[in-house]
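Q:
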Amino acid sequence: MVRMNKIFFLCFTILLTIFGVHTSTTTLISSVNSDNNTTGNNTSNARLLNNNHVTIATATGCFSSDTLVTLVNQQQILIGKLQVGDKLLSIDGTKIVSTEMMMMLDQNKFSSAMFHTIVTESQHKISLTSYHLISTINNNGDIIYIPAKDIKHGDFIRVVTNQQIYSSSVINITIEMKNGYYAPLTIIGKLLVNNIDASCYSNVKNHNIIQFFMTPFIWYYRLCRLFSIEKPFGDQTIDGIHYIPQILYEIVQSIYPSILHFT
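For the sequence shown, the working numbering assigns the number 52 to the initial residue and increments by one for each residue that follows.
Shown next, in the form of structure tokens:
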């Protein structure tokens, strides 16, 4: 009962906060010099939260700039080309579904970040930051989302080939620096990247819980789109962290910190 009260209070607080936040770029709380980067998302735009040394950049998680996403018409485009309102493909349960791009949580065209590049037996390949969630199948056959850093050789991840969902074992993992990164958020909180099932979230222990916390933002987005507001969360072309993940992580950290991965 206490846990549910926390969840409902959090969602209510988020909903109220949306209407009180200015939609411009948030003020930098603290910056980290890119020359000192040692983890996947400690970029020059990183922001430190309180005393736990969690960066907002890490919290959003990112995909590399060479990542491809698939639109509902089967066209593949670079992740950096996504626009608010674009319809794209994702996996929900055991089905390929259509979802919609809500916002870009984080982006930087020029800064470098460290990525875990995962290759499957089916030759699918994805590069994502350490704590970004990716789907895998556990020993019980359940579909779960875990940080990229926890993926091991032989793990099975979900891929799409010829519009069919398969599981394919991981045959290679490398850690590499790449230039440019993006973190799109869709309505269902997931998307197909290079035809691999991945979450939009990072630095959380449970994909479903954080997606539940996003419900007020989704309501707000749908309401705005209903009234033909094209960009409910403001300008999506500016490099850096969007204010939404900052709001979400500050609230979650103060109310329900146990669901966060602190780095």
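By construction, the Cβ of each residue, glycine as well, lies at the ideal position given by its N, Cα and C atoms.
Bridge partners of I142, per DSSP?
A: Partner(s): I147.
Q: Name the residue from I260, L274, G285, K146 whose alpha carbon lies nearest to the alpha carbon of L299.
A: Here the closest residue by C-alpha is I260.
Q: Evaluate the contact criterion for the region 205-225 versus the region 273-280: three or more CB pairs, one atom per stretch, below 8 angstroms.
A: Not touching, per the Cβ criterion.
Q: Only counting runs of 3 or more residues, tell me where the beta strand (DSSP E) segments fall wholly within the region 233-287, in order along the chain.
A: Taking only runs of at least 3 residues, the beta strand (DSSP E) segments lying wholly in the region 233-287 are 241-244, 247-253.
Q: Beta-carbon separation of S141 and L242 under 9 angstroms?
A: Taking 9 angstroms as the Cβ cut-off, S141 and L242 qualify as a contacting pair.
Q: Going by DSSP in three states, G231 sits in which element: helix, strand or coil?
A: Of the three classes helix, strand and coil, the one that applies to G231 here is strand, per DSSP.
Q: Report yes if the C-beta distance between I169 and I224 is below 9 angstroms; otherwise report no.
A: Result yes, Cβ atoms of I169 and I224 sit closer than 9 angstroms.
Q: Determine, using beta-carbon pairs with one atom in the region 160-177 and one in the region 245-262, whether at least three such pairs fall under 8 angstroms.
A: Yes, the region 160-177 touches the region 245-262.
Q: Take I238 and list the residues in its own chain whose beta-carbon comes closer than 7 angstroms to its own, dropping the five residues that flank it on each side.
A: Answer for I238: T150, E151, M153, I269, listed in chain order.
Q: Rounded to the nearest angstrom, how far is the Cβ of L119 from that of K138, given a contact under 8 angstroms?
A: Incorrect: roughly 16 angstroms between the Cβ atoms, too far for contact.
Q: Quickly, what does DSSP pair T121 with across the bridge? List them, please.
A: Paired residues: Q127.
Q: Excluding five sequence neighbours on each side, which residues of the same chain lie with their C-beta closer than 6 angstroms to the C-beta of H204?
A: Here the set comprises V221.
Q: Taking 9 angstroms as the cut-off, decide whether the C-beta atoms of V303 and F263 are in contact.
A: Cβ distance not < 9 angstroms, so V303 and F263 don't count as in contact.
Q: Would you tell me roughly how many angstroms separate the C-alpha atoms of N159 and Y233, rounded to the nearest one?
A: If you take the alpha carbons of N159 and Y233, they lie about 7 angstroms apart.
Q: Let me know the secondary structure DSSP gives D157 once reduced to three states.
A: In this structure, D157 counts as strand in the three-state DSSP scheme.
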